[in-house]
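Trainee: Sending over a structure as structure tokens; questions will come in a sec.
Number of protein chains: 2
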Amino acid sequence: MSRIVTVAAAQLGAIQKDDSRQAVVRRMIDLMDEAKRQGADLVVYPELALTTFFPRWYHEDRAEADHWFEREMPNAATGSLFARAREHGMAMSFGFAEITPEGRHFNTSILVERDGTITGRYRKVHLPGHDEHDPERTHQHLEKRYFEPGDLGFPAWRMLGGVVGMCICNDRRWPETWRVLGLQGVELVVLGFNTPSVNSQKGAEGLEKRMFHHKLSLQAGAYQNSTWVVAVAKAGTEDGHHLMGGTCIVSPDGEIVAEIAHEDDGIVVHPCDLDATIFGKETIFDFKRHRRIEHYGPITAQAGVITPK
Amino acid sequence: MSRIVTVAAAQLGAIQKDDSRQAVVRRMIDLMDEAKRQGADLVVYPELALTTFFPRWYHEDRAEADHWFEREMPNAATGSLFARAREHGMAMSFGFAEITPEGRHFNTSILVERDGTITGRYRKVHLPGHDEHDPERTHQHLEKRYFEPGDLGFPAWRMLGGVVGMCICNDRRWPETWRVLGLQGVELVVLGFNTPSVNSQKGAEGLEKRMFHHKLSLQAGAYQNSTWVVAVAKAGTEDGHHLMGGTCIVSPDGEIVAEIAHEDDGIVVHPCDLDATIFGKETIFDFKRHRRIEHYGPITAQAGVITPK
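Below, the structure written as structure tokens:
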């Protein structure tokens, strides 16, 4: 039986501070309709898909950012998105800021089945940036202020005939993310990102190098765990702050097989053959045969560096 | 105080089955002399630098391979190499097959100080290949037959004003290798490799993709741990079996800053500023601030894959 999952990576261009969720959802539905025309089984949207990247603004009172968060999902603003996905029989994934009933704040993404069931929920573990206003940065990146680190680990789910996992943005730079997913036999990892094109602590770094680091992390994660990767940007200039593009689909061999070169709303579609993950998983990355966990202790025993004497 | 370590990556061309260790050591000394002329503080040679890549041959009696192993280091064949390094005041690293006094077999590399002291010893943890003759492969890769997995973990040492670590060949494809070194604050990782240009289980893969995977692994390891990486090939055609080149030096930003494009004996030299590792280690890869070890459990708890239900 074929295990080809046709995936649409649905990039969103900029979302301005004043754009309503309803307006964004209309854009998402347009992309979904185009994905359907191109035969997609799954459409993947970015991190914080419903709003601008609000952690760039400092509020002394954190609760002033609460209006960017969703208290339930689906909700009034996204009901039409879920309805259209069900109508198309299309699975989907997107990210949003979540407030739990207990009042906890997470940077979250979900996996939704073709029938509208929310199968998977992931809460971003590796929050970049800082939690207090930092006058030494050219711009603020306050994810550590507005979100708690995810409390769900890196789960994977059986879906679309394979094993599917998620991560979000900065998680992609951490090999631990990929390995915990790989140890569940993941065959498709979907992730969204909002990545400023300027390093707030090293302006000279430049967009080209930041794009290189982005792709390097995706490609290494895909190759070293023999999995498809679908990475989707929110791109363009949001209220004067530029987010880089770089939406792409990476094969289990680590090759970029499809990408979007612009920074607007748009999709790129690729048929991902989940069976293409098997060769790597059974040979060079046959974990059971090759991994030597007796020598990996420090990875889970210590968070920070301990230098040799 | 400047912490620039000028490193020579000293690639060796093919070593044939009948080449003596003495002949190889003469070639290594020639490279060392050239490294000295170019101002090197450290010269790095490949994995199994003293012999051909013998794990390509199957012996029913494993002891028939013992003549490829060294029982002590330095020894009669390598004494002149150690003497020349001391004379130049140059540190060095090279790999060799090691038999311990207890008769254990390892794929080993060492770090030798400028004064000739052996500061560091590493035994390859991630042995690729197989341990019995495999008629389905186009060629044999019997590292699991002739070597035990290393028993020393991934240590790092204070040397040359910085923190230096080693790994060997296939170790570079495993993010665990890099992370255990990174958790010791490593600033320079040296490694040698003997990588067949043909995948014995997937001939169609091709040299170009194998070179891509090689560099991808080095670049991700360097970037994600903010360390210099010096990777040195034994290259060329050994008794009819082709080993790829790809000797290169990678910056803590993950960029290849120097490489060798041929497959013969030769060096490439680069001044590695260990202070260039600091920015990454203190910002995006400030492990203590960003790593969430409570979610990494499976990495050390299980070797193989456990798929979701």
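Which chain is which? The protein sequence lines are U and R, in order. As numbered in my numbering, the first sequence has no gaps in its residue numbers, which increase by one up to the final residue, 309. As numbered in my numbering, the second sequence has no gaps in its residue numbers, which increase by one up to the final residue, 618. Idealized CB from N, CA, C, for every residue including glycine. Model, not experiment: these values are computed from the prediction.
Which bits of chain U does P617 (chain R) rub up against, with CB to CB less than 7 Å?
Mentor: For the purposes of this step, residue 617 (chain R) is taken as residue 308 along the second sequence, with counting starting at 1. Here the neighbours are A156, W157, R158, V163, Q184.
Trainee: Measuring straight from C-alpha to C-alpha, what distance separates Y532 (chain R) and G470 (chain R)?
Mentor: In the second sequence, the residue the question calls residue 532 (chain R) occupies position 223. In the second sequence, the residue the question calls residue 470 (chain R) occupies position 161. Those two C-alpha atoms are separated by around 21 Å.
Trainee: Please report the Cβ distance between L552 (chain R) and P484 (chain R), rounded to the nearest whole angstrom; I am assuming they are in contact, meaning their Cβ atoms lie under 8 Å.
Mentor: Locating residue 552 (chain R) in the second sequence gives position 243, where the first residue counts as 1. Locating residue 484 (chain R) in the second sequence gives position 175, where the first residue counts as 1. About 24 Å; that fails the 8 Å criterion.
Trainee: Exposed or buried, which one is G530 (chain R) when buried takes at least 16 other CB atoms within 10 Å?
Mentor: Reading the second sequence from its first residue, position 221 is the one you call residue 530 (chain R). That one is buried.
Trainee: Closest to W157 (chain U) by CA distance: which of R:V316, R:I615, R:T315 is it?
Mentor: Here residue 157 (chain U) corresponds to residue number 157 of the first sequence, with the count starting at 1. Checking every option, the nearest Cα to that of W157 (chain U) belongs to R:I615.
Trainee: Give me the Cα-Cα distance between K326 (chain R) and L111 (chain U), rounded to the nearest whole angstrom.
Mentor: One-based indexing of the second sequence puts residue 326 (chain R) at position 17. One-based indexing of the first sequence puts residue 111 (chain U) at position 111. About 56 Å.
Trainee: Compare the C-beta of V489 (chain R) against all C-beta atoms of chain U and say whether one is closer than 8 Å.
Mentor: Locating residue 489 (chain R) in the second sequence gives position 180, where the first residue counts as 1. Yes - at least one Cβ of chain U is within 8 Å of the one on V489 (chain R).
Trainee: Excluding the five sequence neighbours on either side, which residues of its own chain have a C-beta within less than 7 Å of the C-beta of D273 (chain U), listed in chain order?
Mentor: Taking the first residue of the first sequence as 1, we reach residue 273 (chain U) at position 273. R3, I4.
Trainee: At a cut of 8 Å, does the segment 328-347 of chain R reach the segment 362-372 of chain R through at least three beta carbon pairs?
Mentor: No, because fewer than three Cβ pairs between the segment 328-347 of chain R and the segment 362-372 of chain R fall closer than 8 Å, the two stretches do not touch.
Trainee: Under 8 Å: do the segment 24-32 of chain U and the segment 293-303 of chain U share three or more Cβ pairs, one atom per stretch?
Mentor: They do not touch, by the three-pair rule.
Trainee: With H, G and I counted as helix, E and B as strand and the rest as coil, what does DSSP make of D480 (chain R)?
Mentor: Mapped onto the second sequence, residue 480 (chain R) falls at position 171. Of the three classes helix, strand and coil, the one that applies to D480 (chain R) here is helix, per DSSP.
Trainee: Residues of chain R with CB under 9 Å from E176 (chain U), in chain order?
Mentor: Residue 176 (chain U) sits at position 176 when you count from the first residue of the first sequence. Chain R residues near E176 (chain U): P484, R488, R600, R601, I602, H604, Y605, I608.
Trainee: Can you pull out the residues from the segment 108-131 of chain U whose beta carbon lies closer than 8 Å to at least one beta carbon of chain R?
Mentor: If the cut-off is 8 Å between Cβ atoms, the segment 108-131 of chain U has V125, H126, L127, P128 near chain R.
Trainee: May I ask you to report which of helix, strand or coil DSSP gives W68 (chain U)?
Mentor: Sequence index remark: in the first sequence, residue 68 (chain U) carries index 68 (1-based). Looking at W68 (chain U) - three-state DSSP - the assignment turns out to be helix.
Trainee: If you measure beta-carbon to beta-carbon, which residues of the segment 224-238 of chain U are closer than 7 Å to chain B?
Mentor: Looking for chain B here will not work: the only protein chains present are U and R.
Trainee: Please classify Q184 (chain U) as buried or exposed, where buried requires at least 16 neighbouring CB atoms within 10 angstroms.
Mentor: Translated into the one-based positions of the first sequence, residue 184 (chain U) becomes position 184. Q184 (chain U) should be labelled buried.
Trainee: Kindly indicate which residue of R:A374, R:M401, R:G462 has the alpha-carbon position closest to the one of R292 (chain U).
Mentor: Taking the first sequence and counting its residues from 1, the one referred to as residue 292 (chain U) is at position 292. Closest by alpha carbon: R:G462.
Trainee: List the residues of chain U whose Cβ lies closer than 8 Å to the Cβ of K345 (chain R), in chain order.
Mentor: Translated into the one-based positions of the second sequence, residue 345 (chain R) becomes position 36. Near K345 (chain R) there are no residues of chain U at all, since even the closest Cβ is about 28 Å away, more than 8 Å.
Trainee: Tell me which same chain residues have a C-beta within less than 6 Å of the C-beta of P383 (chain R), skipping the five on either side of it?
Mentor: As a first step, residue 383 (chain R) is located in the second sequence; it is residue number 74 there, counting from the start. The answer, listed in chain order, is F391.
Trainee: On the DSSP bridge list, what partners appear for P505 (chain R)?
Mentor: For this step, residue 505 (chain R) is matched to residue 196 along the second sequence. Paired residue(s): R:L552.
Trainee: So for R291 (chain U), helix, strand or coil by DSSP?
Mentor: Reading the first sequence from its first residue, position 291 is the one you call residue 291 (chain U). Looking at R291 (chain U) - three-state DSSP - the assignment turns out to be coil, as it is neither helix nor strand.
Trainee: Per DSSP, Q11 (chain U) forms a beta bridge with which residues?
Mentor: As a first step, residue 11 (chain U) must be located in the first sequence, where it is residue number 11. U:G266, per the DSSP bridge assignment.
Trainee: Would H270 (chain U) and A258 (chain U) qualify as a contact pair, given that the criterion is a beta-carbon distance under 8 Å?
Mentor: Residue 270 (chain U) sits at position 270 when you count from the first residue of the first sequence. Residue 258 (chain U) sits at position 258 when you count from the first residue of the first sequence. For H270 (chain U) and A258 (chain U), yes; Cβs fall inside 8 Å.
Trainee: I need the boundaries of the beta strand (DSSP E) containing S402 (chain R), first residue and last residue.
Mentor: Mapped onto the second sequence, residue 402 (chain R) falls at position 93. Segment 400-408, the beta strand (DSSP E) holding S402 (chain R).
Trainee: If you drop the 5 nearest sequence neighbours on each side, which residues of the same chain put their C-beta closer than 8 Å to that of D440 (chain R)?
Mentor: Residue numbering aside, residue 440 (chain R) sits at position 131 when the second sequence is read from its first letter. If we look at D440 (chain R) and ignore the five residues flanking it on each side, its Cβ neighbours are L451, K453, R454.
Trainee: Looking at the structure shown, is R166 (chain U) part of a helix, part of a strand, or coil, going by DSSP?
Mentor: One-based indexing of the first sequence puts residue 166 (chain U) at position 166. Contrary to the premise, residue 166 (chain U) reads as Met rather than Arg in this sequence. Strand.
Trainee: Based on the DSSP output, what are the partners of K418 (chain R) in its beta bridges?
Mentor: Numbered from 1 along the second sequence, position 109 holds the residue referred to as residue 418 (chain R). With the sequence shown as reference, residue 418 (chain R) is identified as Ser, and Lys is not the correct amino acid for it. DSSP output for S418 (chain R) lists R:G404, R:Y431 as bridge partner(s).
Trainee: Apart from the five residues just before and just after D460 (chain R), which ones in its own chain have a Cβ nearer than 7 Å to its Cβ?
Mentor: Residue 460 (chain R) sits at position 151 when you count from the first residue of the second sequence. For D460 (chain R), where only same-chain residues beyond five positions count, the Cβ hits under 7 Å are R432.
Trainee: State yes or no: is the C-beta of A9 (chain U) within less than 8 Å of the C-beta of V232 (chain U)?
Mentor: Walking along the first sequence from the start, residue 9 (chain U) turns up at place 9. Walking along the first sequence from the start, residue 232 (chain U) turns up at place 232. Going by C-beta atoms, A9 (chain U) is nearer than 8 Å to V232 (chain U).
Trainee: Going by C-alpha distance, which of U:Q302, U:I284, U:D286 is nearest H599 (chain R)?
Mentor: Here residue 599 (chain R) corresponds to residue number 290 of the second sequence, with the count starting at 1. Ranking U:Q302, U:I284, U:D286 by Cα distance to H599 (chain R) puts U:Q302 first.
Trainee: Which residue or residues does DSSP assign as beta-bridge partners of I4 (chain U)?
Mentor: Position 4 of the first sequence holds residue 4 (chain U). Note: I4 (chain U) sits in a beta bridge opposite U:D273.
Trainee: Excluding the five sequence neighbours on either side, which residues of its own chain have a C-beta within less than 7 Å of the C-beta of W487 (chain R), listed in chain order?
Mentor: Along the second sequence, one-based indexing puts residue 487 (chain R) at 178. Here the set comprises G530, Q533, N534.
Trainee: Output, in chain order, the set of chain U residues within a Cβ distance shorter than 8 Å of V614 (chain R).
Mentor: Here residue 614 (chain R) corresponds to residue number 305 of the second sequence, with the count starting at 1. Here the neighbours are G182, L183, Q184, G185, K281, F287, K288.
Trainee: Compute the distance between the beta-carbons of P252 (chain U) and A276 (chain U), then report whether it is under 8 Å.
Mentor: Position 252 of the first sequence, counted from the start, is the residue given in the question as residue 252 (chain U). Position 276 of the first sequence, counted from the start, is the residue given in the question as residue 276 (chain U). Result yes, Cβ atoms of P252 (chain U) and A276 (chain U) sit closer than 8 Å.
Trainee: Measure how close the beta-carbons of M159 (chain U) and T108 (chain U) come, nearest whole angstrom, since I'm counting them as under 8 Å.
Mentor: As a working note, residue 159 (chain U) is residue 159 in the first sequence. As a working note, residue 108 (chain U) is residue 108 in the first sequence. About 17 Å separates the two Cβ atoms, so there is no contact after all.
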